[in-house]
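Undergrad: For what it's worth, my numbering labels the leading residue of the sequence shown as 1, then goes sequentially.
Note that CB positions come from ideal geometry on N, CA and C, so glycine has one too.
From a predicted model like this one, the values you see are computed outputs, not experimental measurements.
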Amino acid sequence: MDKNNILEAVKELRKNSKERNFSQTFDLQVKLHNMDLKKPENKFETFVAMPNKRGRKVKVCALVGGSLFKDAQESADLAIIQDDFKNITQNKKEVKNIVREHDFFIAQADIMAAVATSFGRYLGPKSKMPNPKAGCIVAPKGNIKNIVEKLQRTVRLAVKSELSVKCSVGKDDMDDEKIAENIMAAYQGLVNALPQHENNIKFAAIKFTMSKAVKIGGKK
Numbered sequence: 001m002d003k004n005n006i007l008e009a010v011k012e013l014r015k016n017s018k019e020r021n022f023s024q025t026f027d028l029q030v031k032l033h034n035m036d037l038k039k040p041e042n043k044f045e046t047f048v049a050m051p052n053k054r055g056r057k058v059k060v061c062a063l064v065g066g067s068l069f070k071d072a073q074e075s076a077d078l079a080i081i082q083d084d085f086k087n088i089t090q091n092k093k094e095v096k097n098i099v100r101e102h103d104f105f106i107a108q109a110d111i112m113a114a115v116a117t118s119f120g121r122y123l124g125p126k127s128k129m130p131n132p133k134a135g136c137i138v139a140p141k142g143n144i145k146n147i148v149e150k151l152q153r154t155v156r157l158a159v160k161s162e163l164s165v166k167c168s169v170g171k172d173d174m175d176d177e178k179i180a181e182n183i184m185a186a187y188q189g190l191v192n193a194l195p196q197h198e199n200n201i202k203f204a205a206i207k208f209t210m211s212k213a214v215k216i217g218g219k220k
């Protein structure tokens, strides 16, 4: 995928889209082919750290023990210490609200069993279990701040039941260059994860939240 082609597509999208009275996201959409999703090996989940933030706050919840609790309070949007797991999970409505309001969950490595026992039934179905692929499992003396900062630029790309992938790569008030850089990073991360790489790409396109898509590349 050529950066100049991406920039042209971004400009075309801006030119042909109606102005809205709210901020819209730039979404990357990729249609896949030559993959049999009945085969488990063709299903995957990967995470890509883009060069730039997505233009909106990515909310992070940290599930930690005592050694990381102070750092988690300072860096994450919500920090829950292991001693409070039982009390919090007794209120199903509260837990569901926490899961809905946060994009990523970080867990301290040596208490993952407790995290899974307490929160697994809520996080699993939403694909929000702390994932080492995203760097969301942190050592007892790890750096919460660095992880939270990286997650501001991270997108999840998953192929499960449909031959398509969609992710947000920015907002309409972001610079075109930064949007293009994010698109290239997300696209290349997906290509690297596909079994036949670029041969699995049918086409790629970008769109706003409420607009028609503009094709930007990939195999026809």
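Are three or more beta carbon pairs between the segment 12 to 30 and the segment 40 to 49 nearer than 8 Å?
TA: No, the segment 12 to 30 is not in contact with the segment 40 to 49.
Undergrad: Locate the beta strand (DSSP E) running through glycine 170, then write down its first and last residues.
TA: It spans 164 to 171 - the beta strand (DSSP E) in which glycine 170 sits, taken as one unbroken run.
Undergrad: Assuming proline 51 and asparagine 182 form a contact by the criterion Cβ under 8 Å, report the distance between their Cβ atoms to the nearest whole angstrom.
TA: The pair is a contact, with the Cβ atoms about 7 Å apart (cut-off 8 Å).
Undergrad: For the alpha helix (DSSP H) containing lysine 8, list its first residue and its last residue.
TA: Before going further, note that residue 8 is glutamate rather than lysine in the sequence given. Start and end: 3 to 16.
Undergrad: Where does aspartate 36 sit, in a helix, a strand or coil, going by DSSP?
TA: DSSP places aspartate 36 in coil when its eight states are reduced to three.
Undergrad: Determine the direct distance from the alpha carbon of isoleucine 137 to that of lysine 150, and round the result to whole angstroms.
TA: Near 13 Å, if we compare the C-alpha coordinates of isoleucine 137 and lysine 150.
Undergrad: Name the two residues that bound the continuous beta strand (DSSP E) containing threonine 46.
TA: Residues 44 to 49.
Undergrad: Does the Cβ of glycine 218 have 16 or more other Cβ atoms within 10 Å, making it buried, or fewer, making it exposed?
TA: Per-residue confidence for glycine 218 stands at a pLDDT of 44, beneath the threshold of 50, marking its modelled position as unreliable; the derived number appears in the next sentence. Buried: at least 16 other Cβ atoms inside 10 Å.
Undergrad: Using a Cβ-Cβ cut-off of 6 Å (strictly less than) and excluding sequence neighbours within five positions of lysine 220, which residues of its own chain qualify?
TA: Any answer about lysine 220 is weak, because its pLDDT of 40 lies below 50 and its placement is not dependable; what the coordinates show is given next. Within the same chain, lysine 220 has no close Cβ partners at all.
Undergrad: Shortest alpha-carbon distance to phenylalanine 106 belongs to which of Lys128, Phe85, Arg100 and Asn97?
TA: At residue 106 the sequence reads isoleucine, which differs from the phenylalanine that was named. For the residues Lys128, Phe85, Arg100 and Asn97, the minimum Cα distance to isoleucine 106 belongs to Lys128.
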